[in-house]
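Right, one structure below, let's go through it.
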Amino acid sequence: MEDALHGQGFGSRRECRGLVRLGRVSVAGVVVEDPDSDFAALMGPVALPDWAFTVDNLTWPYRKRALVMLHKPAGHECSLKPRHHPSVMSLLPTPLRLRGLQPIGRLDEDTTGLLLLTDDGELNHRLTSPKWHAAKVYRAVCRHAWASEATQRLLKGVVLDDGPQAVQALAVEPLDHSGENTVLLTLGEGRYHQVKRMVAAVGNRVDALHRLRMSTLELDPNLEPSQWRWLTAEEEGALRASVRLD
Ligand code: URA
115 MEDALHGQGF GSRRECRGLV RLGRVSVAGV VVEDPDSDFA ALMGPVALPD
165 WAFTVDNLTW PYRKRALVML HKPAGHECSL KPRHHPSVMS LLPTPLRLRG
215 LQPIGRLDED TTGLLLLTDD GELNHRLTSP KWHAAKVYRA VCRHAWASEA
265 TQRLLKGVVL DDGPQAVQAL AVEPLDHSGE NTVLLTLGEG RYHQVKRMVA
315 AVGNRVDALH RLRMSTLELD PNLEPSQWRW LTAEEEGALR ASVRLD
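Remember, the numbering used here sits 114 above the position in the sequence shown when you count from 1.
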């Protein structure tokens, strides 16, 4: 039990042994008495991904690797060492912070919307590497009306100041019903300030940016800004399959 608690972010091994010894941990409604008891055996016939344990009043799902979505609010930095605003990590519960979750790609401090976080390094790498072209969909509210030449230029590719290679949008969809300044942009890579710089390259300016989708996953409309949730097994499977991980 100590291993399971420690691996899930409930403290040092010593602290986890202490939690069990104090009778604060239960599995399937039964208080665990021995820190060395085997968690899998305590779960009995229950199969993953339905393993769970309770510490005090908190019931926690056991996950070999953690993968959550956060509705990122404005005013938070994705850095683990933020400089001017609180980190997005401050919006997550302590066990997720302690097990070393990292954002999958970064959103600017003022960008809102879908942010995935995981402690699975390979998944993080694949979803952020340009090689795998994981599509990201953004809604950009621009300062000026969206011009149809801007759509053509972004689909063809624009050169940014950090490299000679032109960057293209995979899709550009002006949203007339949201006002003539709003556009949906789909990108296959994620360079620094990429949306803002691409929009600037076609003579406009992003006033508000919101990420709606990453690869197979859309931001859950039931999540208010600052709220997070675990991905379901189906969502996680589809996301992993999109970058050829089982
Ligand atoms: N592109 C940007 O310019 N900012 C973001 O936060 C994400 C993509």
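Virtual Cβ for every residue (Gly too), placed ideally from N, Cα, C.
Please find out if some non-hydrogen atom of the ligand URA comes closer than 6 Å to the beta-carbon of residue 245. No, the ligand URA has no heavy atom inside 6 Å of this Cβ.
Kindly list the residues whose CB is nearer than 6 Å to the CB of residue 356, restricted to its own chain and excluding five residues on each side of it in sequence; keep chain order. Answer for residue 356: 329, 330, listed in chain order.
Anyone know if the C-beta pair for residue 283 and residue 299 falls short of 7 Å? Contact: yes.
Quick check on residue 256: does DSSP put it in helix, strand or coil? Three-state DSSP puts residue 256 in a strand.
Residue list, Cβ distance to the ligand URA heavy atoms smaller than 5 Å: Counting only residues whose CB is nearer than 5 Å to a non-hydrogen atom of the ligand URA, the list in chain order is 221, 222, 225, 307, 308, 309, 310.
Excluding the 5 residues flanking residue 309 on each side, which residues of the same chain have their C-beta closer than 8 Å to its C-beta? Excluding positions up to five away in sequence, the list reads 252, 254, 299, 301, 320, 323.
Just how far apart, CA to CA, sit residue 158 and residue 343? Cα to Cα, residue 158 sits roughly 26 Å from residue 343.
So what's residue 216 in DSSP terms, helix, strand or just coil? Here residue 216 sits in strand by DSSP.
Using beta-carbon positions only, say whether residue 194 and residue 232 come within less than 7 Å of one another. Contact annotation: residue 194 and residue 232 have beta-carbon atoms that are not nearer than 7 Å.
Neighbourhood of residue 280 by C-beta distance below 7 Å, restricted to the same chain and skipping five residues each side: Within the same chain, Cβ atoms closer than 7 Å to the Cβ of residue 280 are found at 271, 272, 273, the five residues on either side in sequence being excluded.
Rounded to the nearest angstrom, what separates residue 240 and residue 358 at their Cα positions? Between residue 240 and residue 358, the C-alpha separation is close to 9 Å.
Can you tell me the Cα-Cα spacing of residue 345 and residue 214, whole angstroms? Computed Cα separation, rounded: 17 Å.
Give the secondary structure of residue 120 by DSSP, where H, G and I count as helix, E and B as strand, and everything else as coil. Assignment of residue 120 by DSSP, reduced to helix, strand and coil, places it in the helix class.
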